Structure formats: C-alpha cells, structure tokens
Amino acid sequence: MFKAIKIINKKRLDNPKINDEEGKHVTNPKLIKQIITEHFQSKFRDEDYEDIEPFKGESRPLSKIIISNEVRECINKLNYGRAPGKDNICNEYLKHAPPVIDEQIANIFNNTFESHEHLGINEGLLITIPKPEKPKGPPSNLRPITLLNSVRQVLSTIVLNRIRPRVEKYVSNSQSGFRPNRSTSDVVWAHRWITAKVLNATEVKVNITGIDMSAAFDTINRTKLLKILRDIIDEDELRINRFLLSETTIDVKINGANDPMPFTTNIGTPQGGSLSPVLEARWTLFGHVLRRDRNIPANKAMLLYFSDNKRARGRPQTTLPITLNKDLKNMSPQNWNLQLRQTWILYAS
C-alpha cells in the first residue's frame, strides 16, 4: 500500500542545469553526473586527511547492548513523507513494521560491534537543488542534499539519545539548534525583543551582529573530532560514532544516469545527525572569540556585507568582517575551515 501511494504521488526531480569548463550547457545525463560528482568529491574528500576505520581494537560486544525498545523509540521519531536513501527503505516501512523487526534491527546492531561486521549503511544518495538567486550552470551554485538510509538514522538517533545528557553540559543556554523544545524561533524572538527594548530606551546602545558561517559542518577533521568526543562520551558511544563516521560514500542521483559513481568522503559530518549536538557544543568556542569588545562604527541602519556575493551594494567602511575572519583563522587548530558568507550589524540607540 505504501509503495503504491508513493508511486502515485512521486514527483520527478529535474536534472540540474550544468555548464562545462568552457561554459557550454551540458545535456548528457552521464556527463552531468560526472561534473557534479567531481565537484562535490573535491569538497568532501581530502587525501591529506586520513580515513576513519569503522572499528578499533579487538571485536567485543557493547557494554550496554542496544535493545528493541531503543530501536522502536528512535523509529517513532522518523518523519513521514521523507525520500528514502540508497537502500530504498522508506521510514513508513519501519514505523508500521511489527515488533519483531525492532528486535532484529537491535540484534544486527549488536552483532556488528561484537564481531566487527560491515553493514554498509553509510551510503548516501546525493541530490542537488539550485541555490536561490544564483546563476544556473556552475556546480558550485548547487545545494547538496544527502539522503541517508533509514537504518542509519535509527542508529544515529540511538547514540544521540545516549549522549544527550552529557552533551547538554557543554551547550550554552543561548544555543537553540538540535535541542529538545527549542528552535531558531527562540533566537529570532530574542533578537526582535532586544532590538525593540533598545529602541524604547534613551541611554542604551547595542550592536547586534549576525554571522552566517559557510561550510561549518562540511570541513571538520573527523579524527580530531573523535579525540574531542573521547573526553565527553563513554566507550560504547565513541565506538558507535566512529562507525557512523567511517566508510561514508556518496553517489549523485541524476535522471538517465543509472550507473553508480560513488566516492568515499572523509571530511565533515552530516547535519542533523547524531554528532550535530556535539558539534554545536564545540560551536560555543566562537562565543569566547566574539565576546571581546569591537570598535564597531555607529551606523544607524542595518549594514550588509557579502564576502562572496557580487550583488553587494554600498559596502560601508568598517573593520568588522576583516576582524571576524581573523578570529576564524585562529580556530584552525580545530580544523574548522569556516568563512564569513554574509554578515550584518544593526546599531540601535
């Protein structure tokens, strides 16, 4: 029944418009796939970085085995109507499966770590959508979306539930992403409330800085990330996270090009995965960098800065973006290769 409904409601995703190196429009699906694959392989694969091994040490069972109740709890958190990964297993199949499936999935996970068996669940299917207000043609103007296998998402949520209590200790109260009962709406509301409060005051001056970091999750050194996690989580959780960061592959999906062209990634971590809250905890390091006093000019209007956007207008004279970029370079020991994509400041008085 689920398969029939999906076939009826299936929407065809058109192939992206791609230009070759000479700027000519490409129509051959295989060539489109090759160009997009080479582009994202250069982003998510670095030969100077080592590949994470899925297992370390002798094979042994988890100290705290995964039980069927954990599996069912995580399956229930899967969303309806999401596109399946490379395994073509929809979330609906798992959500409406009998309890015996929960037990089987738990046994598969436990056997994987007990005997160091390779599951092959870290394969991702990459689709692309054009970035808004960007010219079509260059592959750099495509936004990648990776479709992960449902079983992998279950394992990610299991380790997320286990590490959440300890991770919360490293996350500031101002952080709203990847947290229960919190959302970016809280940040937007606080921003509007503070601005309105300042405008109604007579002797208060506030500089509100908005920073858009590009490639925040896509440039992380996985080896160093595991070293950071080692001081926060226990051995079982570290083993699961190592497994999720290892042997990750991506295959670009293009209509008319069915031959697989997967490549192995060794940089970054999937956004929204089990590691995201841990990364958000490390993100608080930026708070210490940006809390220092800055000589921000007293502009009475919102100023826009675009470091990689040719549509910038009236670029004001200020040292703020340069200063922030210098601070980001100071984060290089953590291998966070971040850049300021868009920054604005609002001077309210």
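Counting with the numbering used here, you get residues 120 to 468 for the letters of the sequence shown. We put the beta carbon where it would ideally sit given N, CA and C, even for glycine. In this text, all values refer to a predicted model and were calculated from it rather than measured experimentally.
| Query | Result |
| --- | --- |
| Cα-Cα separation, residue 212 to residue 379 | 25 Å |
| Residue 262 classed as buried or exposed, judged by whether at least 16 other C-beta atoms fall within 10 angstroms | exposed |
| Residue(s) in a DSSP beta bridge with residue 138 | 144 |
| Neighbourhood of residue 138 by C-beta distance below 7 Å, restricted to the same chain and skipping five residues each side | 144, 145, 256 and 257 |
| Residue 194 versus residue 222 - alpha carbon distance | 12 Å |
| Option in 304, 339, 216 and 259 with minimal Cα separation from residue 388 | 339 |
| N- and C-terminal bounds of the beta strand (DSSP E) containing residue 382 | 382-384 |
| Backbone secondary structure at residue 173 - three-state DSSP | coil |
| 4-residue-minimum alpha helix (DSSP H) runs that sit fully inside the region 166-221, ordered along the chain | 187-195 and 210-214 |
| Through-space distance from residue 360 to residue 287, alpha-carbon basis | 17 Å |
| Supposed close pair residue 134, residue 204 - CB separation, criterion 8 Å | Rounded, the Cβ-Cβ distance is 20 Å, inconsistent with contact. |
| Helix, strand or coil at residue 340 [DSSP, three-state] | strand |
| Nearest-angstrom beta carbon gap, residue 202 and residue 499 [assumed within contact, 8 Å] | Past the edges of the chain, shown from 120 to 468, lies residue 499, and the structure says nothing about it. |
| Range covered by the alpha helix (DSSP H) that runs through residue 303 | 303-319 |
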